[in-house]
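Chains as they are written, first to last, in this note's numbering: chain A, 16 to 246; chain B, 16 to 246.
C-beta: ideal position from N, C-alpha, C; glycine also.
Remember, it's a predicted structure, so these values are computed and weren't measured experimentally.
Protein chains: 2
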Amino acid sequence: MKKNTSILLAEDDLNLGQLLQTFLKTKGFEVSLAQNGKTALERFHEGSFDFCIFDVMMPEMDGFTLAKEIREIDKQTPILFLTAKAMKEDKLEGFSLGADDYLTKPFAMEELLARINAILRRVDTSDEEEDGSRMIGAIKYEPELRLLHLEEETKKLTTKENQLLTLLVKNQNDILDRQAALRAIWGDDNYFNGRSMDVYIAKLRKALKSDESIEIMNVHGKGFKLIVKEA
Amino acid sequence: MKKNTSILLAEDDLNLGQLLQTFLKTKGFEVSLAQNGKTALERFHEGSFDFCIFDVMMPEMDGFTLAKEIREIDKQTPILFLTAKAMKEDKLEGFSLGADDYLTKPFAMEELLARINAILRRVDTSDEEEDGSRMIGAIKYEPELRLLHLEEETKKLTTKENQLLTLLVKNQNDILDRQAALRAIWGDDNYFNGRSMDVYIAKLRKALKSDESIEIMNVHGKGFKLIVKEA
DNA sequence: GGCGCCCGTTAAAAAACGTTAAGCCCATGT
DNA sequence: ACATGGGCTTAACGTTTTTTAACGGGCGCC
Chain A
16 MKKNTSILLA EDDLNLGQLL QTFLKTKGFE VSLAQNGKTA LERFHEGSFD FCIFDVMMPE
76 MDGFTLAKEI REIDKQTPIL FLTAKAMKED KLEGFSLGAD DYLTKPFAME ELLARINAIL
136 RRVDTSDEEE DGSRMIGAIK YEPELRLLHL EEETKKLTTK ENQLLTLLVK NQNDILDRQA
196 ALRAIWGDDN YFNGRSMDVY IAKLRKALKS DESIEIMNVH GKGFKLIVKE A
Chain B
16 MKKNTSILLA EDDLNLGQLL QTFLKTKGFE VSLAQNGKTA LERFHEGSFD FCIFDVMMPE
76 MDGFTLAKEI REIDKQTPIL FLTAKAMKED KLEGFSLGAD DYLTKPFAME ELLARINAIL
136 RRVDTSDEEE DGSRMIGAIK YEPELRLLHL EEETKKLTTK ENQLLTLLVK NQNDILDRQA
196 ALRAIWGDDN YFNGRSMDVY IAKLRKALKS DESIEIMNVH GKGFKLIVKE A
């Protein structure tokens with residue numbers, strides 16, 4: 016059973032936003048609509064999305080800044096920009112931020128759909144299963160359901176545990192920057208949030224300790240690295 | 016089981032970057048993607064890569080400067096440049112910096128793959144094992160896991176110990192320049208960092224003293240030299 | 001041979017991280 | 001309203017990692 020592709024849509028114009036949302040829903044997507052960049056960013060870090068559609072001009076936080084924040088810890092998820100006018104600079108800046116595409120308003124619904132599908136076809140190569148789960152060593156992890164399937168029990172993760180593990184997995188075998196992670200999950204990288212994160216690292220280590228080949232290694236002063244040793 | 020060859024890819028255009036990353040991943044490589052030269056340099060010094068692909072034009076630090084920095088302490092790891100236009104001067108400068116090959120954009124994925132494999136076949140002469148470990152005298156060293164297997168115990172190295180030992184090993188039987196090492200690991204070669212490095216040299220000497228054939232020799236005013244005497 | 005500088009080593013200080021437990025807040029059911 | 005419980009933060013204490021200090025020895029050079 017193929018899981019629904021979930022889209023994060025950030026659009027301040029509620030008219031257009033809802034129109035797009037309903038349209039995409041009829042096409043079989045799950046769509047979460049945010050009305051400004053800030054809530055969109057929070058939503059992104061809470062949830063688990065396969066695709067992003069961001070309006071460039073938005074209150075609180077514009078689409079480009081939003082994309083930049085997301086790219087600090089996630090270089091995978093495709094982002095498509097909606098831009099009001101055909102501005103050359105806009106296009107250039109967007110692409111340098113790792114946009115996978117852009118669309119100039121006004122546009123046809125069908126064109127949007129075509130672009131989305133094209134990008135998804137091109138990009139989808141992660142070691143993620145069809146149902147959204149993935150393996151960490153011998154442990155099955157379902158981010159959307161916040162479940163960790165261990166030998167016997169199957170552990171329910173809390174929001175924060177899940178966010179942190181998701182980031183670690185996204186950066187598997189690579190450094191997850193401490194500051195970036197704090198900004199992504201806590202919104203601010205002060206001392207106390209840092210201590211809080213360390214507590215969650217301890218929790219995750221305990222949860223994952225059943226598989227000896229998994230290690231959350233600390234890189235002093237830089238961050239953490241999820242290592243999965245080869246068999 | 017053959018370890019995945021790990022590639023450091025520095026490319027500011029995330030579109031192209033991700034495209035290359037996913038392509039190379041499907042071909043069995045481990046790919047770490049950095050969006051500018053500076054983070055790429057940090058990543059290089061922290062991690063352990065078998066191959067580098069650098070875009071020439073990048074923000075923060077361009078590909079040539081990046082290569083120059085790396086070549087100060089690593090003369091082995093192959094570097095392939097991606098250049099926008101076929102500029103003769105670029106090529107010349109690149110080769111003088113120790114580039115192993117070039118590719119002019121746009122290029123075919125398959126060609127990139129062919130070049131990589133050609134270089135790896137040609138260059139791979141390191142005494143590195145298939146699993147990424149290597150021997151220093153009679154001591155087994157696993158840089159990615161930061162482990163040093165001595166007679167009885169197996170010592171976990173700290174981040175800094177590991178970085179320094181990696182540099183020494185890369186320049187085995189050759190001088191590791193003091194200033195270059197400081198810039199590589201500490202980012203700055205001031206007095207205090209220098210003293211700090213001396214402390215780590217002492218630590219490594221102590222750790223390696225179980226094997227009499229290994230010596231970290233000082234070359235006055237120049238740097239250090241890791242010497243492994245023949246049996 | 002004396003003097004400055006660089007290095008060797010050990011110890012102390014400081015910073016970062018590891019872990020456990022206690023406290024706090026908020027939602028929920030009674 | 002009151003208790004209950006889960007989730008998150010803060011506190012407290014321990015350990016590890018890194019830096020700085022301190023002191024002694026070696027090297028090169030006039």
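- For Val214 of chain B, no beta strand (DSSP E) run applies; the uninterrupted alpha helix (DSSP H) run containing it begins and ends at 206-223, by DSSP.
- Its chain contains Leu48 as the residues whose beta carbon lies nearer than 8 Å to that of Gln33 of chain B, once the 5 sequence neighbours on both sides are disregarded; these appear in chain order.
- Beta-bridge annotation (DSSP): Ile131 of chain A is not paired with any residue.
- Ile22 of chain B is positioned such that its CB atom lies closer than 8 Å to that of Glu45 of chain B.
- Counting only runs of 4+ residues, the alpha helix (DSSP H) found wholly inside the region 24-108 of chain B occupies 29-41, 52-61, 78-88, in chain order.
- With a cutoff of 8 Å on beta-carbon distance, Asp70 of chain A and Ala129 of chain A are scored as not near each other.
- Annotated three-state conformation of Asn233 of chain A is strand, per DSSP.
- Residue pairing by DSSP places Phe239 of chain A opposite A:Leu191, A:Asn233 in a beta bridge.
- The beta carbon of Glu227 of chain A sits no closer than 8 Å to any beta carbon of chain B.
- Chain A places a beta carbon closer than 8 Å to that of Lys18 of chain B, counting this residue as a contact.
- Under the three-state reduction of DSSP, Thr173 of chain A is assigned to coil, being neither helix nor strand.
- Around the beta carbon of Met150 of chain A, fewer than 16 other beta carbons sit within 10 angstroms, so the residue counts as exposed.
- Taking each of A:Glu125, A:Leu160, A:Gly236 in turn and checking the Cα distance to Leu35 of chain A, the smallest one comes out for A:Glu125.
- At a cut-off of 8 Å between beta carbons, Ser47 of chain B contacts chain A.
- Less than 8 Å separates the beta-carbon of Ile88 of chain A from that of Ala196 of chain A.
- In terms of Cα proximity to Glu245 of chain B, the closest of B:Tyr156, B:Lys224, B:Gly152, B:Glu159 is B:Gly152.
- Proximity of Val234 of chain A to chain B, defined by a Cβ-Cβ separation below 8 Å, is satisfied.
- Assignment of Thr119 of chain A by DSSP, reduced to helix, strand and coil, places it in the strand class.
- In terms of Cβ geometry, Phe66 of chain A and Leu135 of chain A form a close pair [threshold 8 Å].
- Counting every other CB atom within 10 Å of its CB across the protein chains shown gives Asp213 of chain A a total below 16, marking it as exposed.
- Contact annotation: in the region 178-190 of chain A, residues whose CB is within less than 7 Å of a CB in chain B are Asn188, Asp189, Ile190.
- Sequence-distant Cβ neighbours of Lys175 of chain B in its own chain, meaning closer than 7 Å and more than five residues away, are Ile200, Tyr215.
- For Phe122 of chain A, the number of other beta carbons within 10 angstroms of its own is below 16, and it is reported as exposed.
- Going by C-alpha positions, Pro74 of chain A is about 42 Å away from Lys221 of chain A.
- Taking the Cβ atoms as the reference, Ser228 of chain B lies roughly 14 Å from Leu165 of chain B, outside the contact range of under 8 Å.
- Chain B places a beta carbon closer than 8 Å to that of Arg86 of chain A, counting this residue as a contact.
- Lys40 of chain B and Phe64 of chain B have their C-alpha atoms roughly 15 Å apart.
- Burial check for Lys240 of chain A: the Cβ neighbour count within 10 Å reaches 16 or more, so the residue is buried.
- At least one CB of chain A lies nearer than 8 Å to the CB of Leu29 of chain B.
- Using a Cβ-Cβ cut-off of 8 Å, Glu61 of chain B is close to Ile190, Val234, Lys237 of chain A, given in chain order.
- Secondary structure at Leu162 of chain A: strand, using DSSP grouped into helix, strand and coil.
- Closest in C-alpha terms to Gly236 of chain A, from the list A:Ile190, A:Pro158, A:Asp203, A:Phe59, comes A:Ile190.
- In this structure, DSSP gives Lys18 of chain B a state outside helix and strand, which the three-state scheme calls coil.
- Annotation for Lys171 of chain B: Arg161, Leu162 place their beta carbon closer than 7 Å to its own, counting only its chain and skipping 5 residues before and after.
- Under DSSP, Lys155 of chain A shares a beta bridge with A:Met150, A:His164.
- Beta-bridge analysis with DSSP links Glu126 of chain B to no other residue.
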